[in-house]
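Position 17 of the sequence shown, counted from 1, bears residue number 34 in the working numbering, the numbering being contiguous throughout.
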Amino acid sequence: IFNMSGGTLNILSTCTSDRAIDIYSEDKNISVTGGTINIIPQGTYAGVFEVRTNAPFYNFNINNQGTGAISVDLYNDTGIPGDLSIVNDLNLNSGTLNAREYDISVGADMLIENGTTYTPGNNTTIFNGSEDQLLTINNAGTTAIKKLRIDKAAGTTLTLAGSGTTLSVQDSLLIYNAE
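Structure (structure tokens):
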């Protein structure tokens, strides 16, 4: 059972394993209506924080506060897809998010701060919110997205913002439900 309606879950270390988040629950036993999950490495730890979940996250933040280089990588496991669904905001404040081949859907805003890396692999990055959304890129240089799908409610927008100068869609741009 995974229920999250508010509060904050902070993950500071993976100890002896790279697995940071493992959520395996039947769909009927999942309820996410609020809350924030933060990956906040401390100290000199350098390595991978593996995320495996079939439950959505409401807000998800990656914020490396240590001196080691960290990567948050999506994985799958037997019967659990590696895709990640964010109901609300996804914020990359520092560190790397490596989607590998797994899709990431964002229901509200996505932030990519300067010095962070979003590695899409062969995934699709999906914006599917029912309200206006922002993709804010403050990274210098080019930010690459393999496949970009915009699947929004009629009358809503996805706005590109920030100081980043170039967004490169490497494979395909799919726009659904556009007016």
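All C-beta atoms, glycine included, are put in the ideal place defined by N, C-alpha and C.
Note that the coordinates shown come from a computational prediction; the quantities given were computed from them, not determined experimentally.
query: Are the CB atoms of glycine 52 and asparagine 78 within a distance shorter than 8 Å?; result: no
query: Determine the DSSP secondary structure at asparagine 46, reduced to helix, strand or coil.; result: helix
query: Decide if aspartate 106 is buried, meaning its Cβ has at least 16 other Cβ atoms within 10 Å, or exposed.; result: buried
query: What three-state label does DSSP hand arginine 117 in the structure shown?; result: coil
query: Rounded to whole angstroms, what's the CA-CA distance from glutamate 43 to arginine 69? Just pull it up for me.; result: 14 Å
query: What do you reckon, are the CB atoms on phenylalanine 74 and isoleucine 87 nearer than 8 Å?; result: no
query: Straight-line CA distance for asparagine 110 to leucine 128?; result: 8 Å
query: For alanine 161, which three-state DSSP category applies?; result: strand
query: Is the beta carbon of threonine 84 less than 8 Å from the beta carbon of threonine 113?; result: no
query: Measure the Cβ-Cβ separation of proline 58 and asparagine 81 and say whether it is below 8 Å.; result: yes
query: Would you mind stating whether tyrosine 92 and asparagine 71 have Cβ atoms separated by less than 8 Å?; result: no
query: According to DSSP, is valine 186 helix, strand or coil?; result: strand
query: Excluding the 5 residues preceding and the 5 following threonine 176 in the sequence, name in chain order all residues of the same chain whose CB lies nearer than 8 Å to its CB.; result: Asp149, Gln150, Leu151, Leu152
query: Taking threonine 183 as the reference, which of Leu165, Ile192, Arg166, Ala157 has the closest Cα?; result: Ala157
query: Is asparagine 140 close to chain D, meaning its C-beta is less than 8 Å from at least one C-beta of that chain?; result: No chain D appears in the structure shown, which is made up of a single protein chain.
query: Roughly how many whole angstroms lie between the Cα atoms of glycine 181 and aspartate 188?; result: 20 Å
query: Grab the span of the beta strand (DSSP E) containing glutamine 91 for me, first residue to last.; result: Rather than glutamine, the amino acid found at residue 91 in this sequence is leucine. Run containing leucine 91: 87-91, per the beta strand (DSSP E) assignment.
query: Compute the distance between the beta-carbons of asparagine 115 and glycine 138, then report whether it is under 8 Å.; result: yes
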